[in-house]
Structures are given as structure tokens and as C-alpha cells.
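Structure record follows, encoded as C-alpha cells.
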Amino acid sequence: MSSLCQDICQIAFTSKLVTLFIIYPGARLNCYDSIFEIREKGEQDVEAYLSETDYRKLIVPYEESMENVEKRIIVLGKNYEETYGCEAVHHIQKRIKSKASIEGKLIRKNVEVSPENARDTLRDIAGIRVICYDTNVIYEIAESLKRQDDMEFIREKDYIARPKANGYRSYHLIVAVPFYLLETKEYYPVEIQFRTMAMDMWASLEHRSCYKKSEQEKKRWQEQFREYAALLDQMERDITRA
Ligand code: GTP
Ligand code: MG
1 MSSLCQDICQ IAFTSKLVTL FIIYPGARLN CYDSIFEIRE KGEQDVEAYL
51 SETDYRKLIV PYEESMENVE KRIIVLGKNY EETYGCEAVH HIQKRIKSKA
101 SIEGKLIRKN VEVSPENARD TLRDIAGIRV ICYDTNVIYE IAESLKRQDD
151 MEFIREKDYI ARPKANGYRS YHLIVAVPFY LLETKEYYPV EIQFRTMAMD
201 MWASLEHRSC YKKSEQEKKR WQEQFREYAA LLDQMERDIT RA
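Position 24, counted from 1, in the sequence shown is what this note's numbering calls 24; the numbers after and before it change by one each time, with no gaps.
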């Protein structure tokens with residue numbers, strides 16, 4: 001959108017929310033925000049509501065907490081391999097939510113954009129994705145993490161036992177990790193998504209097809225993806241049994 005056009009929109013609509021939906025259509029259309037999307041749709045157009053300094057300050061404890069949880073997962077993966085003599089974790093990805101993505105999500109939630117509100121309302125500023133060889137690894141590592149008594153358990157969603165209607169499968173766990181300051185101890189949440197390689201491939205492809213296509217195309221792909229999910233699930237079961 002040209003800057004002249006943006007100016008006109010901003011004069012016409014004083015509410016930041018309305019302005020955002022005009023210059024940032026992705027704010028409403030985003031069906032979910034993949035934790036590993038480096039740049040979300042329309043991100044380059046979003047207005048800057050958090051200052052760069054606020055953002056940097058906000059994410060420091062999340063970065064620390066994310067490293068902390070990743071180390072624990074690596075240790076558990078190695079221990080699984082030693083215990084059962086088979087491979088556990090294929091690879092790990094991690095990311096801190098971008099400034100524009102934090103702003104966009106707060107606005108979608110109808111919350112004023114501020115570092116305090118980001119801390120209070122978002123649980124996925126720090127995200128880790130753990131790609132495992134099979135579902136036994138996922139459950140064993142997740143259960144073991146939940147038993148670690150210096151962390152707080154916040155929430156889990158088992159989309160492996162109960163896949164979403166579109167076929168999405170993954171095990172989501174949110175834990176809060178202690179972050180020690182001179183005088184205080186604070187807890188920061190880290191979202192962990194455990195997936196097998198097949199689940200991860202499905203989710204990456206489905207994510208792309210979900211936000212890059214028209215409504216009509218999306219509908220057609222949804223049916224296809226339900227079938228792919230069933231096929232991949234069957235493939236994994238066969239391979240695990242073999
Ligand atoms: P958001 O974090 O706002 O999405 O909501 P939530 O906390 O209720 O979500 P949930 O735990 O169900 O999902 C969080 C993340 O899982 C999303 O940001 C995506 O990365 C991933 N996810 C969830 N559902 C889907 C899906 O249907 N397809 C794909 N590709 N990814 C999904
Ligand atoms: Mg999320």
C-alpha cells in the first residue's frame with residue numbers, strides 16, 4: 001500500500017485496531033501462527049507499537065529460559081538413547097517470537113500492546129520444536145520433563161492422542177522455568193512442540209497451503225491433508241512395528 005494511501009487510512013480511522021486491519025490484513029486472516037514462521041504474512045507492514053528497546057528487554061529472560069529447556073531436552077534425549085539403545089531426537093528448532101508477531105498477536109487478542117501485556121497474555125514467546133524418531137520418545141521425554149520439580153507445568157495439549165479435525169498431530173507442552181535475579185525469582189513460559197518427522201513434514205506443508213491459498217483452494221487442500229495425515233500415521237505405525 002502506498003504511503004499516501006496509508007496516511008489517508010490513518011487519518012480516517014483513529015483507532016489503532018482499525019488501522020491495523022487495513023494495513024495489516026494478515027492480522028485477521030492468520031489461521032494460526034506457526035512458531036517457526038520467521039516472517040508472518042504482512043509483518044513488514046505492521047505498525048511498531050513496542051519500541052526496539054522494550055522488545056529487547058522483554059525477550060532476554062525468554063531467551064535464557066528457552067536455552068535452559070533445550071539443554072534439559074538434549075540431556076533427556078541422550079539418556080533415552082543410552083537406556084533403550086535407539087535414537088531419540090532427530091533435531092531441535094527454536095525461536096523467539098518476533099516483535100511484529102508479538103504485536104500482531106496482542107492486537108488479535110484485543111489487548112493493548114505493551115511488554116507487560118505480552119508477558120501476561122502470551123505463552124509462546126519462547127518456542128522449541130523437538131523432532132523425535134517416534135511417539136514413545138515424545139511421551140517419555142515429555143513425562144520426564146513434567147517431573148522436573150524446579151519447573152512449573154502450565155499446560156499440555158495432546159494432539160497425538162486426539163488429532164485436530166484437519167489431521168494436525170503434535171504434543172504441545174508449556175512449562176515455566178525459573179529465572180533468577182539478584183533479589184527475586186521469576187518464571188517464564190516456554191512452549192514445546194514434540195513431533196515425529198512425519199508429523200513435522202505434514203504440519204510444515206499444511207501451514208504453507210493454509211495461508212498462501214484462496215478460501216476455495218484451502219477447502220480442497222483440507223480434505224487432501226486429512227488423507228495425508230492418515231497415510232503418514234499408518235506409515236509410522238508400520239515402521240515402528242517393523
Ligand atoms: P496459538 O498459539 O495462538 O496458535 O494458540 P494455542 O496456544 O491455543 O494453540 P495450540 O497449542 O493449539 O497451537 C499452537 C501452535 O501449534 C501454533 O502456533 C502452530 O505452530 C501449531 N499448530 C496448531 N494447530 C495447527 C494446525 O492445524 N496446523 C499446523 N500446521 N500447525 C498447527
Ligand atoms: Mg503460538
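For every residue, glycine included, the Cβ atom is placed at its ideal position computed from N, Cα and C.
Three-state secondary structure (DSSP) of residue i
i	result
D238	helix
Q148	coil
L173	strand
R113	The residue you asked about is not Arg; residue 113 is Val in the sequence shown. In the structure shown, V113 sits in coil (DSSP, three-state: anything other than H, G, I, E or B).
K213	coil
N163	In the sequence as displayed, the identity of residue 163 is Pro instead of Asn. Coil at P163, not helix or strand.
L122	coil
L50	coil
Cutoff 8 angstroms; reference residue i; Cβ partners in own chain excluding five residues on either side
i	result
E63	I96 and A126
T121	L106, K109 and V111
Other residues of its chain near residue i: CB distance less than 7 angstroms, five sequence neighbours each side excluded
i	result
G309	As displayed, the chain neither begins before 1 nor continues past 242, which places residue 309 out of reach and without an answer.
T240	D134
K213	W221
Close Cβ partners of residue i (< 6 angstroms) along its chain, the five nearest in sequence each way excluded
i	result
R226	G167
M232	Here residue 232 turns out to be Leu, not Met, going by the sequence shown. Same-chain partners within the cutoff: A198 and W202.
Residue(s) in a DSSP beta bridge with residue i
i	result
I128	K94 and I192
K157	H172
Y187	P178
V89	C132
Presumed contact (8 angstroms Cβ cut-off) between residue i and residue j, rounded CB distance
i	j	result
Y159	S144	Actually they are not in contact, since the Cβ atoms of Y159 and S144 sit about 20 angstroms apart, beyond 8 angstroms.
I138	P189	About 20 angstroms separates the two Cβ atoms, so there is no contact after all.
S178	A229	Note on identity: in this sequence residue 178 is Pro, with Ser being the wrong assignment. 37 angstroms between Cβ atoms; not a contact.
K57	P115	7 angstroms
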